[in-house]
Amino acid sequence: MSGIKNAASSPWKTATLAGMASYLDAAALVTSGIAVGGYYAGPLQLGAGAIGSLLGLQTLAFAVGALFGGRLGDRFGRRTVFTLSLGLYAVGALLLLVAVGPALLYAGVVAAGLAIGADLPVSLALVNEEAPAGRKGTMVVFSGMLWLAGIVAVLVLSSFMGVQGMLGGRILFAHLLVVAVVVLLLRLTLSESAEWTAARRAADTRSTARSENIEFSRVRDLFRAPALHALLATGLYYATWNLGANTLGQFGTFLWTALAKGEVAQFSQLTLLGLPVGFAAGLLFMRVIDKPSRHAWFAVGSGLIVLAWALPALLGPSRFTLVAVMLISGLGNSFAGESVYKVWSQEMFPTLLRATAQGVTMAFTRAVAGLAALGTPAFALGHTRLMFGTLFGLALAAAVIGLLWVPRLPTAPRPEPMAPSTAAPGTPRRTAV
Numbered sequence: 004m005s006g007i008k009n010a011a012s013s014p015w016k017t018a019t020l021a022g023m024a025s026y027l028d029a030a031a032l033v034t035s036g037i038a039v040g041g042y043y044a045g046p047l048q049l050g051a052g053a054i055g056s057l058l059g060l061q062t063l064a065f066a067v068g069a070l071f072g073g074r075l076g077d078r079f080g081r082r083t084v085f086t087l088s089l090g091l092y093a094v095g096a097l098l099l100l101v102a103v104g105p106a107l108l109y110a111g112v113v114a115a116g117l118a119i120g121a122d123l124p125v126s127l128a129l130v131n132e133e134a135p136a137g138r139k140g141t142m143v144v145f146s147g148m149l150w151l152a153g154i155v156a157v158l159v160l161s162s163f164m165g166v167q168g169m170l171g172g173r174i175l176f177a178h179l180l181v182v183a184v185v186v187l188l189l190r191l192t193l194s195e196s197a198e199w200t201a202a203r204r205a206a207d208t209r210s211t212a213r214s215e216n217i218e219f220s221r222v223r224d225l226f227r228a229p230a231l232h233a234l235l236a237t238g239l240y241y242a243t244w245n246l247g248a249n250t251l252g253q254f255g256t257f258l259w260t261a262l263a264k265g266e267v268a269q270f271s272q273l274t275l276l277g278l279p280v281g282f283a284a285g286l287l288f289m290r291v292i293d294k295p296s297r298h299a300w301f302a303v304g305s306g307l308i309v310l311a312w313a314l315p316a317l318l319g320p321s322r323f324t325l326v327a328v329m330l331i332s333g334l335g336n337s338f339a340g341e342s343v344y345k346v347w348s349q350e351m352f353p354t355l356l357r358a359t360a361q362g363v364t365m366a367f368t369r370a371v372a373g374l375a376a377l378g379t380p381a382f383a384l385g386h387t388r389l390m391f392g393t394l395f396g397l398a399l400a401a402a403v404i405g406l407l408w409v410p411r412l413p414t415a416p417r418p419e420p421m422a423p424s425t426a427a428p429g430t431p432r433r434t435a436v
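Just so you know, the sequence shown maps onto residues 4 to 436 in my numbering.
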């Protein structure tokens with residue numbers, strides 16, 4: 004019992020250590036794009052097909068990891084899953100670090116993708132469950148700040164370390180390995196989620212009772228109202244928004260060098276220009292995410308994202324439009340996109356389906372992105388304007404879903420942290436905004 008109290012008394016420690024899953028996710032995404040698409044490409048003779056296959060496979064592995072990791076986290080606990088998954092992440096980073104040919108690269112991207120996919124939904128659930136009432140959205144959005152920090156760290160390294168070729172890629176993957184090991188050791192000091200423990204105890208001790216008297220805990224409960232509606236809305240929103248963000252994250256270096264004829268270091272340095280503004284905007288959003296005004300901020304962010312993708316779609320890819328889409332969409336993502344999706348995913352699903360639901364929507368989103376990534380380099384070179392037009396249309400679709408559909412959905416009831424809940428599942432207390 005004392006372990007649970009200690010964890011609950013330091014929610015920011017939990018938010019930081021569990022939220023580092025977002026840091027490692029973003030860092031792996033950007034590192035793979037820069038290292039595989041840039042530093043490793045020449046020495047290892049990786050063509051557009053091989054680059055697309057490696058980066059697409061990493062995203063597909065994330066999808067598989069999220070699907071199974073989320074469910075395991077709801078069934079066996081947050082702490083067990085995010086400890087094991089981070090160990091696998093370290094193995095994947097090590098394989099990518101020492102790779103001397105495509106075989107180890109494929110093994111590394113699969114291991115890292117599976118690991119971070121399993122880690123992310125479970126870690127986010129723990130952050131939400133251990134956060135105090137009225138600050139849950141704030142601490143989930145804080146994980147988005149760590150996601151941005153992961154990008155910053157990689158871009159700073161790639162911009163200023165002054166090396167090229169294989170050594171440049173190895174330094175970036177060494178960064179992933181070191182951070183993963185340090186976070187793994189620190190996570191061992193965390194206790195299990197008190198809310199999950201209470202809900203799991205209630206479900207296990209009342210397993211013979213009518214399911215209507217227990218918080219939703221079975222996978223099939225995701226596919227009936229109200230959970231089904233939330234699953235569809237959050238999944239479709241995340242998938243349509245993420246295709247643009249994933250393209251920039253994984254293939255920004257490729258698009259910059261292939262379409263705008265720029266250099267890798269120059270791309271990283273330009274990307275860094277917008278990050279201070281992104282951090283400031285993220286801090287602002289943390290102050291409003293638990294208030295009704297967040298819907299207005301979300302509308303602003305969505306408008307910026309749509310505007311950003313309209314530029315290369317209408318004007319074509321150039322150094323100006325590629326920099327503009329990075330900076331404008333980066334600002335918009337501070338108020339919309341993944342950070343808001345994560346908050347919605349905590350609010351709309353009951354405790355014993357929370358990580359499962361996020362795993363399903365993350366798996367769907369990354370599977371779509373992974374399949375798209377397999378052909379992105381060739382598509383970008385052969386049908387450039389069509390590709391950017393498609394990304395603009397998807398950004399517009401995401402804005403419509405987030406502004407018109409999601410606010411109509413109810414949120415899930417929450418059990419008392421230290422006692423089994425008797426609230427009827429699916430009873431709405433308020434609507435998502």
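Glycine residues also receive a C-beta, built at the ideal position from the N, C-alpha and C atoms.
Here the structure is a predicted model, which is why all the values come from computation and not from measurement.
Rounded to whole angstroms, what's the CA-CA distance from residue i to residue j? Just pull it up for me.
i              : j                : result
tryptophan 300 : leucine 107      : 44 Å
threonine 19   : alanine 102      : 31 Å
leucine 273    : alanine 206      : 52 Å
threonine 141  : leucine 287      : 10 Å
leucine 98     : alanine 177      : 10 Å
threonine 256  : alanine 370      : 22 Å
leucine 32     : alanine 248      : 11 Å
alanine 197    : asparagine 245   : 32 Å
glutamine 167  : leucine 262      : 21 Å
glycine 396    : glycine 41       : 29 Å
glutamate 350  : leucine 127      : 12 Å
serine 424     : leucine 355      : Note that serine 424 has pLDDT 39, beneath the 50 cutoff, so the model's placement of it is unreliable and no number is given.
leucine 225    : leucine 235      : 10 Å
leucine 87     : glutamate 133    : 20 Å
leucine 191    : tyrosine 109     : 29 Å
alanine 358    : lysine 264       : 42 Å
glutamine 48   : alanine 69       : 31 Å
leucine 406    : leucine 412      : 12 Å
histidine 386  : glutamine 253    : 18 Å
asparagine 131 : phenylalanine 71 : 20 Å
serine 337     : threonine 200    : 32 Å
leucine 389    : leucine 258      : 14 Å
leucine 334    : arginine 221     : 38 Å
serine 13      : glycine 281      : 27 Å
methionine 169 : glycine 50       : 16 Å
histidine 298  : glycine 137      : 16 Å
isoleucine 408 : lysine 294       : Note on identity: in this sequence residue 408 is tryptophan, with isoleucine being the wrong assignment. So the two alpha carbons sit approximately 19 Å from each other.
valine 67      : leucine 129      : 20 Å
leucine 251    : leucine 180      : 23 Å
lysine 345     : valine 143       : 7 Å
glycine 45     : glycine 104      : 12 Å
leucine 60     : valine 303       : 34 Å
Using a Cβ-Cβ cutoff of less than 7 Å, which residues in the same chain neighbour residue i once the five nearest sequence positions on both sides are dropped?
i          : result
serine 214 : Any reading at serine 214 must be qualified, since the residue scores a pLDDT of 43, below 50, and its modelled position is unreliable; no value is offered.
glycine 76 : Val84, Pro124, Val125, Ala128 and Ala358
Between which two residues does the alpha helix (DSSP H) harbouring residue i extend?
i             : result
lysine 16     : 14-37
glutamate 195 : It is not in any alpha helix (DSSP H) - glutamate 195 carries neither H nor E in the DSSP assignment.
aspartate 224 : Premise fails: aspartate 224 is in no alpha helix (DSSP H) and is neither H nor E.
glycine 72    : 51-79
glycine 392   : 387-403
Spatial neighbours of residue i within its chain, please: CB distance less than 6 Å, with the 5 preceding and 5 following residues excluded, ordered by chain position.
i             : result
threonine 364 : Thr237, Gly238 and Tyr241
leucine 1     : Residue numbering for the chain in the displayed model covers 4 to 436; residue 1 lies beyond these limits and cannot be assessed.
alanine 311   : Val328, Ile331 and Ser332
threonine 243 : Leu397, Ala400 and Ala401
glycine 340   : Trp244
valine 182    : none
threonine 368 : Tyr241, Ala242 and Asn245
Within a Cβ cutoff of 8 Å, which residues of the same chain sit near residue i, ignoring the five residues on either side of it in sequence?
i              : result
glycine 55     : Ala376, Leu377, Gly378, Thr379, Pro380 and Ala381
methionine 164 : Gly171 and Ile174
Next item on the list: Identify every run of the alpha helix (DSSP H) within the segment 272-314, keeping only runs that are complete inside it and at least 4 residues long; order them along the chain.
Entry: 278-291
Next item on the list: Run through the segment 307-371 for me and flag every whole alpha helix (DSSP H) of 4 or more residues, listed as ranges in chain order.
Entry: 322-335 and 341-350
Margin query: For the pair the segment 324-331 and the segment 272-283, tell me if three or more CB-CB distances fall below 8 Å.
Written below: yes
Checklist line | Every unbroken beta strand (DSSP E) within the segment 92-171, with a cutoff of 3 residues, ordered by chain | finding: none
Margin query: Measuring CB atoms only, is the segment 146-153 touching the segment 305-318, in the sense that at least three cross pairs come out at less than 8 Å?
Written below: no
Margin query: Count Cβ pairs between the segment 109-128 and the segment 17-32 that sit closer than 8 Å; are there 3 or more?
Written below: yes
Notebook entry, point to check: Does the pairing of the segment 228-235 with the segment 371-386 give three or more beta-carbon distances under 8 Å?
Noted result: no
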